[in-house]
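Per the numbering used here, the sequence shown starts with residue 1, numbered consecutively. Don't be surprised by glycine CBs; every beta carbon is placed ideally from N, CA and C. To start, the structure itself, in structure tokens.
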Amino acid sequence: MALAAKPSSGDQGRGAPHLVFIPSAGMGHLLPFSRFIAALASQGNVHISVVTALPTVSQAEAEHFAALFAAFPAIRRIDFNLLPLDDATLAGTDPFVLRWESLRRSAHLLGPLIAGATPRASAVVTDVTLASQVIPIAKKELQLPCHILFISCATMLSFIAYFPTYLDGANADHLAGDVDIPGIGRIPVDYPPNVLRNPDSLFTKQFIANGREIAEIDGILVNTFDALEPEALAALRDGKVVPGFPPVYAVGPLKSTATDKEAAHGGASSPIAWLGEQPARSVVYVAFGNRNAAALDQIREIGAGLEASGCRFLWVVKTTVVDRDDTSELKDVLGDGFLERVQGRGLVTKEWVDQEAVLQHPAVGLYLSHCGWNSVTESAAYGVPMLAWPTLGDQRLIAKVIKSGGFGLWVEHWSWDGGEGSLVRGAEIAEKVKEVMGDEAISARAKEISLEATKAVAEGGSSHRSMQEFLATLS
Numbered sequence: 001m002a003l004a005a006k007p008s009s010g011d012q013g014r015g016a017p018h019l020v021f022i023p024s025a026g027m028g029h030l031l032p033f034s035r036f037i038a039a040l041a042s043q044g045n046v047h048i049s050v051v052t053a054l055p056t057v058s059q060a061e062a063e064h065f066a067a068l069f070a071a072f073p074a075i076r077r078i079d080f081n082l083l084p085l086d087d088a089t090l091a092g093t094d095p096f097v098l099r100w101e102s103l104r105r106s107a108h109l110l111g112p113l114i115a116g117a118t119p120r121a122s123a124v125v126t127d128v129t130l131a132s133q134v135i136p137i138a139k140k141e142l143q144l145p146c147h148i149l150f151i152s153c154a155t156m157l158s159f160i161a162y163f164p165t166y167l168d169g170a171n172a173d174h175l176a177g178d179v180d181i182p183g184i185g186r187i188p189v190d191y192p193p194n195v196l197r198n199p200d201s202l203f204t205k206q207f208i209a210n211g212r213e214i215a216e217i218d219g220i221l222v223n224t225f226d227a228l229e230p231e232a233l234a235a236l237r238d239g240k241v242v243p244g245f246p247p248v249y250a251v252g253p254l255k256s257t258a259t260d261k262e263a264a265h266g267g268a269s270s271p272i273a274w275l276g277e278q279p280a281r282s283v284v285y286v287a288f289g290n291r292n293a294a295a296l297d298q299i300r301e302i303g304a305g306l307e308a309s310g311c312r313f314l315w316v317v318k319t320t321v322v323d324r325d326d327t328s329e330l331k332d333v334l335g336d337g338f339l340e341r342v343q344g345r346g347l348v349t350k351e352w353v354d355q356e357a358v359l360q361h362p363a364v365g366l367y368l369s370h371c372g373w374n375s376v377t378e379s380a381a382y383g384v385p386m387l388a389w390p391t392l393g394d395q396r397l398i399a400k401v402i403k404s405g406g407f408g409l410w411v412e413h414w415s416w417d418g419g420e421g422s423l424v425r426g427a428e429i430a431e432k433v434k435e436v437m438g439d440e441a442i443s444a445r446a447k448e449i450s451l452e453a454t455k456a457v458a459e460g461g462s463s464h465r466s467m468q469e470f471l472a473t474l475s
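Okay, structure coming up:
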């Protein structure tokens, strides 16, 4: 176990609580953890340790952990060396799901690491992907309160919470049809992660185990705010989804910190500098997350659509699931002549982009997005309308939140599955981009949501109160 420098006596009080965070793998999971941790560390009234699983899956994760500990040297680092995962039956499984499984199979080693932390741990905060393993260790082995920092939307939380009840009622071991969630409504079978239809999937087994265990948690922190998901939060808090469900604290939108921005504003060729040369609300920002790699033919159709739309655009292209594997050249990916044809009104990059800085830039008028929850909360916080193109996992449920919230458009038949007829053509992409860019009602609603987000995190706002309620449970 390696520990970072201890807090100075002026930073934190002797009797301050000590939170031990156990994040999962994938930047979509790590970002909300680091943002929540940074928010607590900035307050200076709590000791913090972070369990760091080694080795990391991606280079982005390794750099992000390094930046977090450099920015907040008082945070203690607990290195967690994972056991080898040698299982031939798992060949071909998503690398991040494999990491979750490796974490789960190594979880029995966490007890002594947490027990040895100084000062003595007051509570554990973990990721939902590890819930069924970490909750018993924290609550039974260590006699500590255990909380989940939930990295998706409250609507997805309601689905995870209710899914065991659905399975028991259907006498099933997988997703076999639409799910009627009390207080939420009907969730069509193709909205949740498609892999849940396969009972033999490693993800399905993890998902069910975690869903059955979360009722034992002491509280759930969610990166959302009351005005963004009022019905889902009310249903969870009122016990409509699951009677006696643990307390739900909406503490979002979690904002980025310096740890997110170390490469943000470099030189005159950076995306931010380029945006500074564009008219207000004229640029379409296109990015599909850190785990979503589109097929080559779909990438080129996206390019054709952006070119045909006539709009300015900033496009982050990703061709591999794990960043370390990406060695392709942009000109080869996009085809001959594309970069030359769009020069001046389009900027295309494969490099890391400070997304929050992009979304708060006045030149950006639309976000064409995969609907990762971090991306949606950032877009909502800065009032940027969305064109939803969900790819995998929870993203169709998240697209439902965008649609119901009125701050974006979701074209439900757009797919990424690579099946026959699933290729979305450039002409349709161009049409929808122009449609949302010119929709005044969506733009106005996005601005309203942004104002509500600002109110939520301000002193006395709903998310500020939720954070204070959570901290009060630790004293």
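Continuous beta strand (DSSP E) stretch holding residue i: start and end
i: tyrosine 562; result: Residue 562 is absent from the model: the chain starts at 1 and stops at 475.
i: alanine 53; result: 47-54
i: phenylalanine 313; result: 312-316
i: asparagine 81; result: 76-81
i: arginine 180; result: Note that residue 180 corresponds to aspartate in the displayed sequence, not to arginine. 179-181 is the extent of the beta strand (DSSP E) around aspartate 180.
i: isoleucine 148; result: 146-150
i: valine 457; result: Valine 457 -> not in any beta strand (DSSP E); alpha helix (DSSP H) instead, spanning 440-457.
i: leucine 221; result: 219-222
i: leucine 339; result: Segment 338-341 is the alpha helix (DSSP H) holding leucine 339; no beta strand (DSSP E) there.
Terminal residues of the alpha helix (DSSP H) in which residue i lies
i: alanine 131; result: 131-136
i: glutamate 186; result: Per the sequence shown, the amino acid found at residue 186 is arginine instead of glutamate. It is not in any alpha helix (DSSP H) - arginine 186 instead sits in the beta strand (DSSP E) that spans 185-187.
i: serine 369; result: First-last for serine 369: 364-369, but that is the beta strand (DSSP E), not the alpha helix (DSSP H).
i: valine 358; result: 355-359
i: histidine 64; result: 59-71
i: histidine 18; result: Counting along the chain, histidine 18 falls outside any alpha helix (DSSP H), though it belongs to the beta strand (DSSP E) covering 18-22.
i: threonine 319; result: Neither: threonine 319 is in no alpha helix (DSSP H) and is coded neither H nor E.
i: alanine 250; result: Run containing alanine 250: none in the alpha helix (DSSP H); it sits in the beta strand (DSSP E), 248-250.
i: isoleucine 37; result: 27-43
i: alanine 115; result: 110-115
i: glycine 303; result: 296-309
i: alanine 215; result: Element bounds for alanine 215: n/a, residue is neither H nor E.
Sequence-distant residues of the same chain with beta carbon closer than 6 Å to residue i, five excluded per side
i: aspartate 180; result: Arg186
i: arginine 99; result: Ala25 and Val57
i: proline 247; result: Gly219
i: tryptophan 414; result: Trp389 and Val424
i: glutamate 435; result: none
i: phenylalanine 470; result: Tyr249
i: aspartate 325; result: With a pLDDT of 47 at aspartate 325, under the threshold of 50, the modelled position of this residue cannot be trusted; read the value that follows with caution. Answer for aspartate 325: no residue qualifies.
i: threonine 193; result: With the sequence shown as reference, residue 193 is identified as proline, and threonine is not the correct amino acid for it. Excluding sequence neighbours, proline 193 sits near Gly393.
Pairwise C-alpha distance: residue j and residue i
i: alanine 444; j: serine 379; result: 14 Å
i: serine 450; j: histidine 108; result: 43 Å
i: alanine 62; j: glutamate 356; result: 20 Å
i: alanine 172; j: alanine 399; result: 27 Å
i: arginine 345; j: glutamate 277; result: 10 Å
i: valine 125; j: valine 342; result: 47 Å
i: alanine 67; j: methionine 27; result: 14 Å
i: leucine 175; j: methionine 156; result: 15 Å
i: valine 411; j: leucine 296; result: 21 Å
i: isoleucine 429; j: tyrosine 367; result: 13 Å
i: phenylalanine 150; j: valine 97; result: 17 Å
i: leucine 221; j: glycine 116; result: 26 Å
i: histidine 370; j: valine 358; result: 16 Å
i: leucine 90; j: valine 134; result: 22 Å
i: tryptophan 274; j: isoleucine 160; result: 41 Å
i: leucine 501; j: serine 106; result: Here the chain has residues from 1 to 475 only, and residue 501 is not among them.
i: valine 286; j: glycine 15; result: 47 Å
i: serine 201; j: leucine 254; result: 32 Å
Residue i vs residue j beta-carbon contact at 8 Å
i: glycine 305; j: glycine 426; result: yes
i: alanine 103; j: isoleucine 137; result: It is leucine, not alanine, that sits at residue 103 in the sequence shown. Not a contact, by the Cβ cut-off of 8 Å.
i: aspartate 394; j: serine 158; result: no
i: serine 463; j: valine 251; result: yes
i: alanine 215; j: valine 241; result: no
i: glycine 365; j: serine 270; result: no
i: methionine 437; j: valine 284; result: yes
i: glycine 383; j: isoleucine 442; result: no
i: serine 132; j: alanine 53; result: no
i: aspartate 178; j: valine 195; result: no
i: alanine 456; j: aspartate 226; result: yes
i: glutamine 446; j: proline 385; result: The residue you asked about is not glutamine; residue 446 is alanine in the sequence shown. Contact: yes.
7 Å CB neighbourhood of residue i in its chain, flanking five on each side removed
i: lysine 139; result: Cys146 and Glu216
i: serine 256; result: Arg35 and Glu356
i: asparagine 374; result: Gly28, Leu31 and Pro32
i: leucine 474; result: Pro17, Ser122 and Ala123
Cutoff 8 Å; reference residue i; Cβ partners in own chain excluding five residues on either side
i: leucine 40; result: Leu19, Val46 and Ile48
i: isoleucine 75; result: Ala4, Ile37, Ala41, Ile48, Ser49, Val50, Leu68 and Phe69
i: aspartate 212; result: It should be pointed out that residue 212 corresponds to arginine in this sequence rather than to aspartate. The residues are Ser132 and Pro164.
i: alanine 154; result: Val222, Thr224, Glu229, Ala232, Leu233, Leu236, Val248 and Ala250
i: leucine 142; result: Gly111, Ile114, Ala115, Ala121 and Val124
* To do: Could you pull out every unbroken alpha helix (DSSP H) segment of at least 4 residues lying fully inside the segment 380-425, listed in chain order?
  => 395-405
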